[in-house]
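Following: one structure in structure tokens, then a few remarks.
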Amino acid sequence: MDWLSMEQWSPYICGAGIGILSWFTFLLSGKALGASTSYARTAGMIERIFRGNKVMEREFFKEVAPKIDWQWMLVLGIFIGAFISSSLSGTARIHWVPEPWFSVFGGAILPRMLIAFVGGTLLALGARWAGGCTSGHGISGTMQLAVASWVAAICFFVGGIVVATILYAVPAL
Amino acid sequence: MYETLRANTKAQMGLGLLFGIIFGFFLQKAGVTTYKVIINQLLLTDFTVLKVMMSAVAVGTVGVHFMHGRGMINLDIDPGSFGSIVVGGLIFGAGFALLGYCPGTVAGAVGQGAMDALLGGVLGMLFGSWIYAVAYPRIAPFRARGPFKHLRLQDLFHLSTWAVIVPLIMLIVALFIGLEWLGL
């Protein structure tokens, strides 16, 4: 069982595995792989703690109910699956500032957390705005040959490449 | 028989969790739950993310359209518009670069111990989702602007489903050969 403890598998094998997995999500659950809506549902569940059922006055939560559903369990599963995989290879460990951020911007925790928070905010805002993320549009929509999803995937990477290139060019200035 | 299973809410909760564990396992083994792999994709020095996504699309599309052609599954396609897809997609891209994870891989990154994914990424995503929910009545009309004329690539190119899939897979394989040849 050495392959289970390998740190990395071929991206082609993993991608093909995800492709086959998507056959089963369509067949057995009638659903496509996706992730971003679960964060919106969770945001609604948190608002409900503070405001009770007034949260349902928001038009958005009438359409996207603040509750645990299939996709929410899928995202929980991603967390567990990655924990199992990284534990088997011995790479699971608490770490605060990842490479190559550490080499370029230094090891201070606060700047990394702030940029990650801003990034997460834009990521979720953009995902809801575009109606999906790198899973929902980037993998599931594109494999269904949806024009909108191919355009979305291209925009994800265009925006990402431009901002990442500017961000990593800043320290050199 | 699939209809009964799909309507069984309790079974679906379990299936969602099981599918997620497999998804997360593959994402972690592929390396895409790691900040370095994603940021290097956006800096165009490591093409692992693209390889994983395009392999999934090439394999996924064959099974999905085989089953759809036999009436076994329903597709779920977003018609999209310029105001939603292009604007939202570019905002998403900016967030993708600053965070260095996406909504699925950020959960996997937390699973392997990345605290920037948890305290920066997940909290930021909850905040961003909430901002969207609050601003939704104002954003919704803008999102509807410039609806796309074509729903599927078949409609865009005036081709049958398999006449799109076969060249698409050939293009993806050519992309992979090119990337390996360039050593990326």
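Chains as they are written, first to last, in numbering that gives the first Met the number 0: chain A, 0 to 172; chain B, 0 to 183.
No residue lacks a Cβ here, since even glycine has one placed at the ideal position from N, Cα and C.
Partners in chain A for residue i, counting only beta-carbon separations shorter than 7 Å
i                 : result
LEU4 of chain B   : LEU27
LEU74 of chain B  : GLN143
LYS35 of chain B  : PRO97, GLU98 and PRO99
LYS28 of chain B  : GLN7, TRP8, CYS13 and SER84
VAL109 of chain B : PHE78
PRO166 of chain B : Here the premise fails: no neighbours, minimum Cβ distance about 12 Å.
Closest residue to residue i among the options (Cα-Cα distance)
i                 : options                                  : result
LEU174 of chain B : B:TYR131, B:MET71 and B:LEU49            : B:LEU49
VAL54 of chain A  : B:VAL172, B:ASP154 and B:ALA132          : B:ALA132
THR133 of chain A : B:LEU167, B:GLY87 and B:PHE18            : B:GLY87
LEU4 of chain B   : B:ILE72, B:ASN39 and B:ALA57             : B:ILE72
GLY92 of chain B  : A:TRP22, A:MET112 and A:GLY118           : A:GLY118
PHE126 of chain B : A:GLY131, A:SER102, A:MET44 and A:ALA91  : A:MET44
ALA34 of chain A  : A:ALA15, A:ALA126, A:ALA42 and A:PHE23   : A:ALA126
TRP128 of chain A : B:VAL121, B:TYR34, B:GLY94 and B:ALA106  : B:GLY94
PHE65 of chain B  : B:ASP75, B:GLN153 and B:THR160           : B:THR160
THR24 of chain A  : A:TRP2, A:TRP69, A:ARG50 and A:GLU58     : A:TRP69
ARG137 of chain B : B:SER83, B:ALA10 and B:GLY68             : B:SER83
GLU62 of chain A  : B:ALA139, B:LEU14 and B:THR32            : B:ALA139
THR36 of chain A  : A:GLY135, A:TRP22 and A:GLY105           : A:GLY135
LYS9 of chain B   : A:ALA81, A:ILE67 and A:ILE160            : A:ILE67
SER80 of chain B  : B:PRO166, B:LEU97, B:ALA143 and B:ASN7   : B:ALA143
ALA64 of chain A  : B:VAL121, B:THR60, B:SER128 and B:GLY107 : B:SER128
8 Å Cβ cut-off: residues of chain A touching residue i
i                 : result
MET53 of chain B  : GLY14
LYS50 of chain B  : PRO10, TYR11 and GLY14
MET0 of chain B   : Result: empty, since nearest Cβ-Cβ is about 10 Å, beyond 8 Å.
GLY182 of chain B : Within chain A, no residue comes near GLY182 of chain B; the closest Cβ sits about 14 Å away, beyond 8 Å.
ARG151 of chain B : GLN143, LEU144, ALA145 and VAL146
MET66 of chain B  : TRP22, PHE25 and LEU26
ALA162 of chain B : Within chain A, no residue comes near ALA162 of chain B; the closest Cβ sits about 11 Å away, beyond 8 Å.
For residue i, the three-state DSSP class (helix, strand or coil)
i                 : result
PRO65 of chain A  : coil
HIS64 of chain B  : helix
ARG183 of chain A : With chain A covering 0 to 172 only, the question about residue 183 of chain A has no answer from this structure.
ARG144 of chain B : coil
HIS149 of chain B : coil
SER80 of chain B  : strand
ALA116 of chain B : helix
ALA171 of chain A : helix
HIS94 of chain A  : strand
ALA145 of chain A : strand
SER85 of chain A  : helix
ASP75 of chain B  : coil
PRO99 of chain A  : coil
GLU6 of chain A   : coil
ASP1 of chain A   : helix
THR120 of chain A : helix
PHE46 of chain B  : coil
ASN39 of chain B  : helix
Amino acids of chain B, ordered along the chain, whose beta-carbon sits closer than 8 Å to that of residue i
i                 : result
ILE19 of chain A  : VAL58, GLY59 and GLY62
LEU166 of chain A : ALA96 and LEU97
ARG50 of chain A  : Those within 8 Å of ARG50 of chain A in chain B number zero; the least Cβ separation is about 12 Å.
GLY89 of chain A  : Within 8 Å Cβ-Cβ: nothing; GLY89 of chain A doesn't reach chain B, min ~11 Å.
LEU109 of chain A : Those do not exist, as LEU109 of chain A stays about 10 Å from chain B at its closest Cβ, beyond 8 Å.
ALA115 of chain A : LEU97, LEU98, GLY99, ASP115, ALA116, LEU118, GLY119, GLY120 and GLY123
Closer than 8 Å to chain B by CB, residue i
i                 : result
PHE60 of chain A  : yes
SER4 of chain A   : no
GLY130 of chain A : yes
GLY159 of chain A : yes
PHE104 of chain A : no
LEU73 of chain A  : yes
ALA81 of chain A  : yes
MET55 of chain A  : no
VAL162 of chain A : yes
LEU121 of chain A : yes
ALA171 of chain A : no
8 Å Cβ cutoff, residue i in contact with chain A
i                 : result
TRP129 of chain B : yes
SER159 of chain B : no
ALA173 of chain B : no
ARG69 of chain B  : no
LEU178 of chain B : no
PRO140 of chain B : no
LEU170 of chain B : no
Where residue i meets chain B, residues with beta-carbon distance less than 9 Å
i                 : result
GLY46 of chain A  : It is Glu, not Gly, that sits at residue 46 of chain A in the sequence shown. Near GLU46 of chain A (Cβ distances below 9 Å), the residues of chain B are TRP129 and ALA132.
SER148 of chain A : ILE76, ASP77, GLY79 and ILE84
ALA126 of chain A : GLY87, ILE90, PHE91, GLY94, CYS101, PRO102, MET124, GLY127, SER128 and TYR131
The ligand ZN heavy atom lying under 7 Å from the CB of residue i
i                : result
GLU98 of chain A : As for the ligand ZN, it is missing from this structure, which has no ligand bound.
Chain B contact residues for residue i, given Cβ-Cβ distances below 7 Å
i                : result
ALA64 of chain A : Here the premise fails: no neighbours, minimum Cβ distance about 12 Å.
Residue i: contacting residues in chain A (beta-carbon distance under 9 Å)
i                 : result
GLY145 of chain B : What GLY145 of chain B touches in chain A: nothing, since even the nearest Cβ is about 11 Å away.
Determine contact between the segment 10 to 28 of chain A and the segment 14 to 21 of chain B, defined as no fewer than three beta-carbon pairs at a distance below 8 Å.
When C-beta atoms of the segment 10 to 28 of chain A are compared with those of the segment 14 to 21 of chain B, three or more pairs fall below 8 Å, so the two segments count as touching.
Report yes or no: do the segment 101 to 108 of chain B and the segment 111 to 125 of chain A share at least 3 C-beta pairs separated by less than 8 Å?
yes
Spell out a yes or no on whether the segment 90 to 103 of chain A and the segment 47 to 67 of chain B are touching, meaning 3 or more CB-CB pairs, one atom from each, closer than 8 Å.
At 8 Å Cβ cutoff, the stretches do not touch.
Touching or not, the segment 81 to 94 of chain A and the segment 2 to 10 of chain A, by the rule of three or more beta carbon pairs under 8 Å?
yes
The segment 133 to 142 of chain A touching the segment 110 to 122 of chain B, judged by at least three CB pairs closer than 8 Å:
no
Taking 8 Å as the cut-off, does the segment 102 to 119 of chain A touch the segment 53 to 67 of chain B (at least 3 CB pairs, one atom from each stretch)?
no
Are at least three pairs of beta-carbons, each pair with one atom in the segment 159 to 169 of chain A and one in the segment 33 to 46 of chain B, less than 8 Å apart?
yes
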